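One structure below.
Residue numbers (UniProt numbering): 1 to 627.
This is the structure:
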């Protein structure tokens, strides 16, 4: 903890000096003379006079240092039955040629390219090829519905689109090209060209004059050198899930992003050159951008692109097989994935089949990890389990336990302590800090550190309105939580997950902790239902562990008693129901807002990010049965 305390205090004392030192972790075409400019954008700009190229920093500079034969990317695909190991030189050569193919299509610095790809190496190569040209990429999760894809195309206005013919899921093939064609029919903007990566499992029908074969275009292209761009030049636009109206496109700049990720790889994740990091996330999400593609490659590490699931490809030992086979040092996944494994293999029989000695820590993010799951997996692994809290908007962890700095204490349910760069406080509705241990609106004092989204795509006003207006001088995270006496941050849920029961403000997250501690529960969600007397009352939905064959009514009674015991009668927790599954996004987040609307008889718009829309029908039937 001494290293963490010292580093955090050093940042507090002189932020510019701290970030100037971090800036030495990357190569600049023009090094920054000015570290921060507070007069630009909604809250300021980092390294405003510097120039660099992110693709060069991820690939070329490691080759120049003599490490071209080091493995950059391992593609492990149970879905296609393939395993590839790609060196830094091989990756650079492909990226340079793909950039050449884009340039041949007339794409240049400042243009946008939408990428609609599954978990294949070509997805990462396409991102890096755009970065090489100074082109702004916008990765859209492969398989998003046409209206969602169309909204992003209309907003980003790409000159070109890169897409795959299909994605592969257990037991099914998802044809991407028909969805892309449908999206282009709906979109207000039409691209000039599409590069289509034809996968062996599915050959897409090409549109003459618009579509070009990805591999043929790459093969015919001349390699392209990196284009130097301003540090403030956008690297990518990433649209947040669940948005309505105009999509919320979070912008990431080149300079602050590279510096922030390079230092986080060192301090937070403890991963350096030649070591293996595996973020089990899709490239379409923020974790995929930061820690599948850019973060590991910026520091010369090896990253894994995994096309599979935590269970079912082929079994609940899939993650542990990957760790053993590729000697993973640091793994990153969502708590949802662990709960899926926990449901199938609570005793850890599959886990014990593998040698996990290479693994030093398991990181969790994407949603708060319920304490029972954190304790369960730490006990099985006998390794540090580190919950870290961050958002698409921040791009890297707001809080963590810092494998590279000596771990802060393990507190299941806590997101850890603030990363250097973040001053996190819990505020009341008037914008004043509340006492330690008191739940409030979690906010970050401005300016936001490097790597955080400086604005929304062509929408400064929208950024200010969404994040800065509610509490002047602060960034509103939208999360409710508290800071304990030690300085650890606890996320209790989104601010709209704080419910008012007869005048008592209660956290659904705290209730979920209690419910999840029951021995038969695999996962759960607690939502608010309208009540004529109390205003709102909590309602629990739970999924039982695999193999549990008990009367659901008995389990429900035990859960009601448990919440009454741990939180008190004030919680008025009297409704709970066992359901087959909970509705989730493809990134694993439970769709609590949608379930809340169903519970209260409100119309529900099916989110474009949903993994399986039929689950909402099951939830609707469950509420209809209880009235």
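C-beta atoms are modelled at their ideal positions from N, C-alpha and C, and glycine is treated no differently.
Given the structure is predicted, the values throughout are model-derived calculations rather than measurements.
Beta-carbon spacing of residue i, residue j below 8 Å
| i | j | result |
| --- | --- | --- |
| residue 489 | residue 437 | no |
| residue 53 | residue 33 | no |
| residue 2 | residue 404 | no |
| residue 234 | residue 136 | yes |
| residue 204 | residue 196 | yes |
| residue 98 | residue 138 | no |
| residue 701 | residue 132 | The displayed coordinates of the chain run from 1 to 627. Any statement about residue 701 would go beyond what the structure contains. |
| residue 84 | residue 42 | no |
| residue 287 | residue 454 | no |
| residue 77 | residue 393 | no |
| residue 232 | residue 45 | yes |
| residue 534 | residue 572 | yes |
| residue 173 | residue 202 | yes |
| residue 341 | residue 314 | no |
| residue 365 | residue 389 | yes |
Proximal residues to residue i (C-beta, below 7 Å), its chain only, five neighbours per side dropped
| i | result |
| --- | --- |
| residue 484 | 436, 437 and 490 |
| residue 150 | 183, 186 and 187 |
| residue 634 | A query on residue 634 cannot be resolved here, the shown segment of the chain reaching from 1 to 627 and no further. |
| residue 242 | Note that residue 242 has pLDDT 43, beneath the 50 cutoff, so the model's placement of it is unreliable and the number below is only indicative. Excluding positions up to five away in sequence, the list reads 607 and 609. |
| residue 643 | Here the chain comprises residues numbered 1 to 627, so residue 643 is not present and cannot be evaluated. |
| residue 211 | 194 and 196 |
| residue 600 | 529 and 530 |
| residue 621 | none |
| residue 95 | 55, 59, 125, 128, 129 and 132 |
| residue 199 | 164, 165 and 166 |
| residue 14 | none |
| residue 481 | 426, 439, 442, 489, 490, 491 and 492 |
Nearest residue (CA-CA) to residue i, options the options
| i | options | result |
| --- | --- | --- |
| residue 255 | 142, 451, 213 and 597 | 451 |
| residue 507 | 519, 518, 517 and 492 | 492 |
| residue 513 | 559, 487, 486 and 446 | 559 |
| residue 524 | 412, 531, 535 and 545 | 545 |
| residue 476 | 517, 398 and 417 | 398 |
| residue 101 | 219, 66, 55 and 24 | 219 |
| residue 439 | 426, 248, 201 and 307 | 426 |
| residue 62 | 90, 51 and 75 | 90 |
| residue 209 | 339, 200 and 190 | 190 |
| residue 597 | 562, 619 and 298 | 619 |
| residue 247 | 457, 553 and 25 | 457 |
| residue 547 | 521, 554, 570 and 565 | 521 |
| residue 79 | 51, 579, 261 and 171 | 171 |
| residue 73 | 64, 396, 92 and 66 | 92 |
| residue 324 | 366, 300, 348 and 276 | 276 |
| residue 143 | 423, 154 and 178 | 178 |
Cutoff 6 Å; reference residue i; Cβ partners in own chain excluding five residues on either side
| i | result |
| --- | --- |
| residue 668 | What the structure shows of the chain is the stretch from 1 to 627, and residue 668 is not part of that stretch, so it cannot be assessed. |
| residue 420 | 7, 8 and 11 |
| residue 22 | 259 and 263 |
| residue 372 | 516 and 517 |
| residue 279 | 287, 291, 292 and 332 |
| residue 68 | 88 and 89 |
| residue 316 | 341, 344, 345 and 350 |
| residue 412 | 371, 374 and 375 |
| residue 244 | Note on residue 244: pLDDT 42, under 50, position unreliable in the model; no value is reported. |
Reduced DSSP secondary structure (H/G/I, E/B, other) of residue i
| i | result |
| --- | --- |
| residue 619 | helix |
| residue 376 | helix |
| residue 323 | helix |
| residue 95 | helix |
| residue 79 | coil |
| residue 63 | helix |
| residue 234 | strand |
| residue 242 | For residue 242, the predicted model reports a pLDDT of 43, less than 50, meaning its position is unreliable; a value from the coordinates is still stated below. Residue state, collapsed to three classes: coil. |
| residue 103 | helix |
| residue 210 | coil |
| residue 10 | helix |
| residue 2 | helix |
| residue 477 | strand |
| residue 302 | strand |
| residue 389 | strand |
| residue 122 | helix |
8 Å Cβ shell around residue i - same chain, five flanking residues per side excluded
| i | result |
| --- | --- |
| residue 536 | 499, 500, 501, 528, 529 and 530 |
| residue 112 | 135, 136, 137, 138, 156, 157, 158, 159 and 237 |
Interface flag, residue i vs chain D, CB-CB below 8 Å
| i | result |
| --- | --- |
| residue 177 | Looking for chain D here will not work: only one protein chain is present. |
### Query
Are the stretch 357 to 373 and the stretch 320 to 335 touching, with three or more C-beta to C-beta distances below 8 Å?
yes
#### Entry: Validate contact between the stretch 164 to 179 and the stretch 111 to 120 using beta carbons, cut 8 Å, 3 pairs
yes
### Task
Flag this pair as touching only if the stretch 574 to 594 and the stretch 609 to 619 have three or more C-beta atom pairs under 8 Å; answer yes or no.
yes
### Query
Does the count of Cβ pairs from the stretch 152 to 160 and the stretch 106 to 114 closer than 8 Å reach three?
yes
### Task
Inspect the CB distances between the stretch 316 to 323 and the stretch 345 to 353 and report whether three or more fall short of 8 Å.
Judged by Cβ distances under 8 Å, the stretch 316 to 323 makes contact with the stretch 345 to 353, as three or more pairs qualify.
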